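Top line first, the protein sequences correspond to chains A and B. As numbered in the numbering used here, residues 21 to 206 make up the first sequence, in order. As numbered in the numbering used here, residues 21 to 206 make up the second sequence, in order. Read the structure below first, then the notes.
There are 2 protein chains.
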Amino acid sequence: MRAVKRVLIPLAQGCEELEAVTIIDLLRRAKIEVVTAGLDGKTVTASRGVRLIPDIDLDTALGQDFDMIVLPGGLPGAEHLDNDPRIKTLLKKMANDEKYTAAICAAPKVLANAGVLSGKKATSYPGFLENLDLPDTELKTDAVVIDGNVITSRGPGTAMDFALALIESLDGKDKRDEVEKALVRN
Amino acid sequence: MRAVKRVLIPLAQGCEELEAVTIIDLLRRAKIEVVTAGLDGKTVTASRGVRLIPDIDLDTALGQDFDMIVLPGGLPGAEHLDNDPRIKTLLKKMANDEKYTAAICAAPKVLANAGVLSGKKATSYPGFLENLDLPDTELKTDAVVIDGNVITSRGPGTAMDFALALIESLDGKDKRDEVEKALVRN
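Shown next as structure tokens:
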């Protein structure tokens, strides 16, 4: 992997803005290069109406290299990710290349439907993975579940722990601790 | 107060995006009407580069009624708020009218400089209030400090507790508990 890690965060219409922004913010605090990519070339109106301008569009992102892809949750955001064949192809390719794939809240379903959770432990917002037919995925209720290169989490309330776990996986515990300390979690 | 509460969140260039978006998101989950207002009529580039489009501009917001104003932190965002005479005038007016004034991270300094923290308990990101001359403000290190109509908090790591405290102050503990439960804090 390159010295400065690169992370792709696709931003779909109706994504969960708290989750998306917490992940972007914390990874950038860790000096990780974060690229946000819109699916449709438009301003993103997130699930609670916050309007976000992505850095680039997804087609441009597909021509670049990333060490990790992180999918924010939210509805209908996670459904848009699930229905986009570019996302599915990219997830399979990144998993095959032993890059990190990560998702939170409703979005672990997108990993499942791309086959990335096969043989893995994983979690999601309550109900999202339980409702799928996943005979070889071990469902957990931990805030964050790390199984090799696959990292999943539960919801807005676990987004900060999730982002910190992503930092630790990419750049180690010292970097995670440095970022966490500055957040003042009390 | 009106049945549906209205909350103004000014968004300055360089505001802390995680704090801003956590507050907007959670208050909207509680069905509180949140209006974000830009200071300069432009897209807001937040402290870690997230680009946000405010709902309206601050001059428009000044002609409307709000039950609460909430100032996100971040630098240079909080400095821009501190240097804007419209914000200072609005804070004094809302405090005089016994409306809520609230701030997190670097932004309680803006409340202090508007005179709103006089005779109050308050907190901020470590160092921000301590460095000011505030003989009649009692500085605390709690995650969230509520003193009458003035609510302050510490930083990104306390933004979720802060937003939940704002909901409880405006709409009661049942509404706070309902929103908190859906976040899945584990």
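Each residue gets a CB set at the ideal place from its N, CA and C atoms; glycine is no exception. Because the structure is a prediction, the values reported are computed rather than measured.
Around the C-beta of A23 of chain B, fewer than 16 other C-beta atoms lie within 10 Å, and the residue is accordingly described as exposed. Between the alpha carbons of L111 of chain A and V130 of chain B lies a gap of roughly 45 Å. In the DSSP assignment, G58 of chain B is bridged to B:L31, B:D77. Within the model, the alpha-carbon separation for D75 of chain A versus I107 of chain B is close to 30 Å. Under the criterion of beta carbons closer than 8 Å, A57 of chain A and E37 of chain A do not qualify as touching, at roughly 16 Å. In the three-state reduction of the DSSP assignment, D167 of chain A falls in the strand class, which pools E and B. At a cut-off of 8 Å between beta-carbon atoms, E188 of chain A makes no contact with chain B. Chain B has a Cβ within less than 8 Å of the Cβ of L38 of chain A. A98 of chain B carries a helical assignment under DSSP once its states are collapsed to helix, strand and coil. By the Cβ neighbour-count rule, P128 of chain B is buried, with 16 or more other Cβ atoms within 10 Å of its own. By the neighbour-count criterion, in which a residue is buried when 16 or more other Cβ atoms sit within 10 angstroms of its Cβ, P30 of chain A is buried.
Apart from sequence neighbours up to five positions away, the residues of its chain that approach F148 of chain B with a beta-carbon distance below 6 Å are A126, K129, ordered along the chain.
With a beta-carbon spacing of about 5 Å, I187 of chain A and R196 of chain A fall inside the 8 Å limit used to define contacts.
Chain-ordered, the chain A residues with CB closer than 8 Å to the CB of L203 of chain B read G175, P176, G177. In the three-state scheme derived from DSSP, where H, G and I count as helix and E and B as strand, T121 of chain B is classed as strand.
Among the bridge pairs identified by DSSP, K141 of chain B is matched with B:E158. DSSP lists A:A123 as the beta-bridge partner residues of L91 of chain A.
Ranked by Cα distance from E53 of chain B, the first of B:P92, B:G61, B:I43 is B:I43.
Around the CB of D117 of chain A, fewer than 16 other CB atoms lie within 10 Å, so the residue is classed as exposed.
Annotation: A127 of chain B has no Cβ neighbours in chain A at a cutoff of 8 Å; minimum Cβ distance is about 14 Å. Residue-level contact by beta carbon holds for L72 of chain B and chain A, with a gap shorter than 8 Å. By the criterion of a C-beta distance shorter than 7 Å, H100 of chain A is surrounded in its chain by A32, Q33, G34, L59, once the five residues flanking it on both sides are discounted. V130 of chain A carries a helical assignment under DSSP once its states are collapsed to helix, strand and coil. Rounded to whole angstroms, the gap between the alpha carbons of K25 of chain B and F86 of chain B is 8 Å. When Cβ-Cβ separations below 8 Å define contact, N206 of chain B makes contact with chain A.
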